[in-house]
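In full-length UniProt numbering, the protein residues as written are 1 to 154.
Yeah, the Cβ is synthetic: ideal placement off N, Cα and C, and Gly gets one too.
Please read these numbers as outputs of a predicted model, since none were measured by experiment.
To start, the structure itself, in structure tokens.
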């Protein structure tokens, strides 16, 4: 139970940091690099699977990634771009904060439910895959939207 509570607190702090990062990023023009780098940085967390305690079955991988893709729909819908002074900016959505905290609460509930029947290590691995599936899908959708807008500017 200690790990569930402490990891939930860390996730909440990360959500708050993410909100501030997103708000600050909206003040500067977006770029392909700013869109695609976060999933690459996060992917280094896959090193956790080198340790047997975090390894999951292929069915769990598919489940986690699928749920991450479903969750990403909310983030995709809240991510819009606009052109200002010939530059593309991410429009800060007023719903982003609510979506992020809603997803956090849902993740915590799922972690408690799944954690009752799956080991802590496997649960950690599954939620990493869920988050990675979510961010990759979200960022690919953002990249597609960004490139479409960039094409119209040129």
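key: Sequence ranges, alpha helix (DSSP H) only - wholly within the segment 26 to 110, length at least 4   = 32 to 43, 58 to 77
message = Pairs of beta-carbons, one from the segment 17 to 35 and one from the segment 103 to 122, closer than 8 Å: are there three or more?
response = Flag = no, the segment 17 to 35 and the segment 103 to 122 do not touch.
Simplified DSSP assignment, three categories, for residue 118 = coil
inquiry  = Can you tell me whether residue 20 is buried or exposed? The criterion is at least 16 other CB atoms within 10 Å of its CB, across all chains shown.
reply    = exposed
message = Between residue 44 and chain D, is any beta-carbon pair separated by less than 9 Å?
response = Protein chains in the displayed structure number just one, and chain D is not present.
message = When you compare the CB positions of residue 39 and residue 99, do they come within less than 9 Å of one another, or not?
response = no
ask   = Cβ atoms of residue 80 and residue 72: under 9 Å apart, would you say?
value = no
request  = Output yes or no for whether 9 Å exceeds the beta carbon distance between residue 90 and residue 22.
outcome  = yes
ask   = Using the C-alpha atoms, what's the distance from residue 25 back to residue 113?
value = 35 Å
ask   = Can you tell me whether residue 28 is buried or exposed, with buried defined as 16 or more other CB within 10 angstroms of its CB?
value = exposed
key: Secondary structure of residue 154, DSSP reduced to three states   = coil
Residue 88 versus residue 142: straight-line alpha-carbon distance, rounded = 12 Å
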